[in-house]
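Q:
Numbering (the numbering used here), first residue to last: 4 to 149.
#1: Do you know offhand how far residue 73's Cα is from residue 82's?
#2: Using the C-alpha atoms, what's the distance from residue 17 back to residue 130?
#3: Let me know the secondary structure DSSP gives residue 66 once reduced to three states.
#4: Whose C-alpha, out of 32, 25 and 85, is nearest the C-alpha of residue 45?
#5: Are the beta-carbon atoms of residue 35 and residue 110 separated by less than 8 Å?
#6: Are the CB atoms of residue 112 and residue 91 within a distance shorter than 8 Å?
#7: Confirm, please, whether the CB-CB distance from residue 115 to residue 127 is below 8 Å.
#8: Hey, out of 40, 136 and 120, whose CA is closest to residue 27's CA?
#9: Grouping DSSP H, G and I as helix and E and B as strand, with all else coil, what is residue 187?
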């Protein structure tokens, strides 16, 4: 595997690692550590979302609060979500940005990138596994015919 862009001569700890669609697993771990180093609570927002819910609505289910009902804690969660989004958006190239441009929560952005890129890797691995199986079957057939 070639060295990810930006890692040949080191990288600034002040900037998030850049992701252009290649080396996703490297970028994912680097970005996770970058966000945690910035503020560990930021990482919790990426994992869980800001979760600003009113205890109970008319139907007995949890629902989003109106902006007038936000507490100081709710506003802090929204600020952390905005910081997460800034870090994520600053780390993405234009093609990756186009994938997530409609998202308004950092968790949605993270989950979208994860779904797109990890699923791609799973498909590649499945194809490799199938080819290995076929090769083994072919070798067995050749051995039996000799």
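Ideal Cβ placement from N, Cα and C applies to all residues, glycine included.
It should be emphasised that the depicted structure is a prediction, and the values quoted were computed from it without experimental measurement.
A: Well, looking at it:
#1: 12 Å
#2: 39 Å
#3: strand
#4: 85
#5: no
#6: yes
#7: no
#8: 120
#9: Because the chain spans 4 through 149 in this model, residue 187 falls outside it and cannot be assessed.
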